[in-house]
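K.L.:
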Amino acid sequence: MQPIIVGAGLTGLTLAWYWKQIGVRALVIEARERVGGRIHTVRQPGQAAGVEMGATWLGLKHTALTALLQSLNLSIVEQFLGDTAIYEPISTSPPQLVQLPHNSEPSYRIAGGTDTLIKALVEHLEPEQIVLGQPVRQIILENDQILVQTNENQYIGNMVVCTIPPNLWLRNIAFSPKLPLPLEEIAAQTHTWMGESIKVGLTYQQPFWKKPHAGATVFSNVGPISELYDHSAPEHRFFALKGFLNGAYQIATQQERKDIALQQLRKYYGKQVEMFDEYLDTVWAAEPFTYAAYQHPVLPHQNNGNPIFRQPYWNGKLFFGGSETADLFPGYMDGAVRSAKFLFDLIR
Ligand SMILES: Cc1cc2nc3c(=O)[nH]c(=O)nc-3n(C[C@H](O)[C@H](O)[C@H](O)COP(=O)(O)OP(=O)(O)OC[C@H]3O[C@@H](n4cnc5c(N)ncnc54)[C@H](O)[C@@H]3O)c2cc1C
1 MQPIIVGAGL TGLTLAWYWK QIGVRALVIE ARERVGGRIH TVRQPGQAAG
51 VEMGATWLGL KHTALTALLQ SLNLSIVEQF LGDTAIYEPI STSPPQLVQL
101 PHNSEPSYRI AGGTDTLIKA LVEHLEPEQI VLGQPVRQII LENDQILVQT
151 NENQYIGNMV VCTIPPNLWL RNIAFSPKLP LPLEEIAAQT HTWMGESIKV
201 GLTYQQPFWK KPHAGATVFS NVGPISELYD HSAPEHRFFA LKGFLNGAYQ
251 IATQQERKDI ALQQLRKYYG KQVEMFDEYL DTVWAAEPFT YAAYQHPVLP
301 HQNNGNPIFR QPYWNGKLFF GGSETADLFP GYMDGAVRSA KFLFDLIR
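If you want it as structure tokens, here you go:
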């Protein structure tokens with residue numbers, strides 16, 4: 001078996017690792033100059049903790065992901081929320097401090113950062129198995145062989161697994177022979193989870209927001225930051241705030257986003273918010289290897305998990321994977337791991 005995997009996100013790397021364990025050496029072709037896709041931990045060189053600009057949280061119900069973490073000896077830590085949160089219900093009233101109810105289903109983060117999962121998978125692969133900086137443009141079935149073409153290169157295998165979000169492959173990759181129309185129609189209406197979101201993070205020398213029993217939790221209907229959390233790793237003396245900025249701010253400049261985020265934080269914490277070391281934001285809709293505009297508007301999670309994606313195509317030479325194709329928890333990291341496991345069991 002000489003499989004080619006398109007995309008070095010969590011799905012592609014997990015599948016490559018599963019195959020490696022049974023002696024199958026897949027070639028993973030990645031468009032970006034980095035691995036991880038929607039998992040992107042930004043850290044300073046040598047820093048033991050970083051800011052998650054992509055996937056951050058998991059729950060204990062995400063059993064495919066937690067099993068993978070366990071098998072890679074990676075641990076999880078509970079997200080600290082505190083007993084109270086700042087709540088802004090309406091722009092005409094000041095922010096309030098509200099009591100948070102007991103959380104029966106806490107969220108967890110991967111200890112050391114979500115990218116430790118990606119790094120652990122990569123460490124189990126041979127360096128030559130991953131090719132970076134090669135956006136796939138065309139996938140061709142020719143004489144029982146699969147040709148995967150980028151602008152610069154052509155890769156040959158005997159099957160291909162495309163793990164990039166469905167609307168993205170539909171828009172960016174030409175398939176020959178053509179794909180069935182119903183598959184294309186569903187792909188065009190499949191939401192790429194979190195594709196419209198903007199993450200914002202600020203790092204500090206001191207966690208000035210910290211009080212006994214209180215974190216940095218903010219829920220605001222006023223915004224532009226709708227949710228904010230303590231993103232610190234105190235054991236590494238790393239202190240940060242991280243949240244979601246209203247997606248409409250994708251058309252603003254980064255300076256404008258920074259100004260308006262600080263203006264909101266000043267309301268809660270005063271001028272000390274200006275003493276940040278680093279301001280970071282990621283507009284995922286501006287990431288060409290995650291997001292492409294839809295032909296028609298789609299709803300969140302629309303068609304995520306549609307069974308049409310889990311069929312083999314081209315007589316078992318072409319498969320689709322990726323979190324959006326999973327039967328359970330599609331869109332989430334758990335869905336990505338489930339997709340990899342499904343493909344591993346299917347392609348024997
Ligand atoms: C802001 C944000 C927050 C999130 N928060 C959470 C969270 O808290 N919890 C959670 O469980 N999930 C979260 N997610 C979702 C999670 O990140 C995804 O479910 C998961 O990472 C998807 O992995 P994947 O491999 O299926 O897809 P991707 O990570 O999208 O990987 C696809 C890969 O294909 C590459 N690629 C794209 N086009 C091409 C091409 N033409 N040729 C070659 N390669 C290509 C991409 O660069 C990428 O590396 C979040 C996502 C975002 C964006």
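Residue numbers (our numbering): 1 to 348. Even glycine gets a Cβ: it sits at the ideal position worked out from N, Cα and C. The model shown is predicted, which means the values in this text are computed figures rather than measured ones.
(1) Ligand 1 and Ser-197: does the residue's C-beta get closer than 7 Å to at least one heavy atom of that ligand?
(2) Tell me the DSSP bridge mates of Phe-244?
(3) Following a CB-centred definition, is Asp-334 positioned closer than 7 Å to any heavy atom of ligand 1?
(4) If I'm right that Val-283 touches Ile-198 with Cβ under 8 Å, what's the distance once you round it to whole angstroms?
(5) Under 8 Å between the Cβ atoms of Gly-9 and Ala-336?
(6) Could you tell me which whole beta strand (DSSP E) segments of length 3 or greater appear in the region 240-314?
(7) Considering only residues of the same chain and omitting the five flanking positions on each side of Arg-32, which have a CB-CB separation below 6 Å?
(8) To the nearest angstrom, how far is it from the Cα of Ala-293 to the Cα of Glu-287?
(9) In the structure shown, what three-state DSSP assignment does Gly-157 receive?
(10) Assuming Gly-7 contacts Ala-49 (C-beta within less than 8 Å), just tell me the rounded distance between them.
(11) Entirely within the region 61-92 and at least 4 residues each: give me those alpha helix (DSSP H) ranges in chain order.
(12) Can you tell me whether Lys-61 is buried or exposed, with buried defined as 16 or more other CB within 10 angstroms of its CB?
(13) Which partner residues does Ala-214 have in the DSSP bridge list?
(14) Between the Cα of Ala-55 and the Cα atoms of Ala-216, Gly-305 and Met-194, which residue gives the shortest distance?
(15) Where does Ala-188 sit, in a helix, a strand or coil, going by DSSP?
(16) In angstroms with no decimal places, state the Cα-to-Cα distance between Lys-210 and Leu-265.
(17) Look at the alpha carbon of Val-24 and the alpha carbon of Thr-192, and state the distance between them as a whole number of angstroms.
(18) Could you compute how far the alpha carbon of Gly-37 sits from the alpha carbon of Leu-181?
(19) Return the first residue and the last residue of the beta strand (DSSP E) that Ile-140 is part of.
(20) Note down the Cα distance separating Arg-43 from Asp-144, rounded to an integer number of angstroms.
(21) I'd like the list of long-range same chain contacts for Pro-297, defined as Cβ closer than 6 Å, with 5 residues on each side in sequence excluded.
(22) Whether or not the region 127-141 and the region 161-180 are in contact is what I'm after, with contact meaning three or more pairs of Cβ atoms, one per stretch, closer than 8 Å; do they touch?
(23) How about Leu-29: is its Cβ closer than 7 Å to a heavy atom in ligand 1?
(24) Suppose you measure from the CA of Leu-81 to the CA of Phe-309; what does that come to, to the nearest Å?
(25) For Ser-314, tell me which candidate among Gly-331, Val-161 and Thr-190 has the shortest Cα-Cα distance.
(26) Whole alpha helix (DSSP H) runs in the region 322-347 with 4 or more residues, listed along the chain?
(27) Please report the straight-line C-alpha distance between Leu-369 and Lys-242, rounded to a whole angstrom.
(28) Along the alpha helix (DSSP H) that carries Val-6, what are the first and last residues, could you check?
(29) Based on the DSSP secondary-structure assignment, which residues constitute the bridge partners of Gly-55?
(30) For Met-159, is the classification buried or exposed, using 16 other Cβ atoms within 10 angstroms of its Cβ as the cut-off for buried?
P.N.:
Reading from the atomic positions:
(1) yes
(2) Lys-199 and Glu-227
(3) yes
(4) 5 Å
(5) yes
(6) 278-283
(7) Phe-289
(8) 11 Å
(9) strand
(10) Not confirmed; about 27 Å, so no contact.
(11) 63-71
(12) exposed
(13) Gly-82 and Lys-211
(14) Met-194
(15) helix
(16) 14 Å
(17) 29 Å
(18) 28 Å
(19) 136-142
(20) 44 Å
(21) none
(22) yes
(23) According to the sequence displayed, residue 29 carries Ile and not Leu. Checking every heavy atom of ligand 1 against the Cβ of Ile-29, one is found closer than 7 Å.
(24) 37 Å
(25) Correcting the residue type first, residue 314 is Trp in the shown sequence and not Ser. Here the closest residue by C-alpha is Val-161.
(26) 333-346
(27) Examination of residue 369 is not possible in this model, given that the chain is present from 1 through 348 alone.
(28) Looking at the DSSP string, Val-6 is not in any alpha helix (DSSP H); the run it does join, the beta strand (DSSP E), is 3-6.
(29) Reading off the sequence shown, one finds Ala at residue 55, where the question assumed Gly. Partner(s): none; Ala-55 has no beta bridge.
(30) buried
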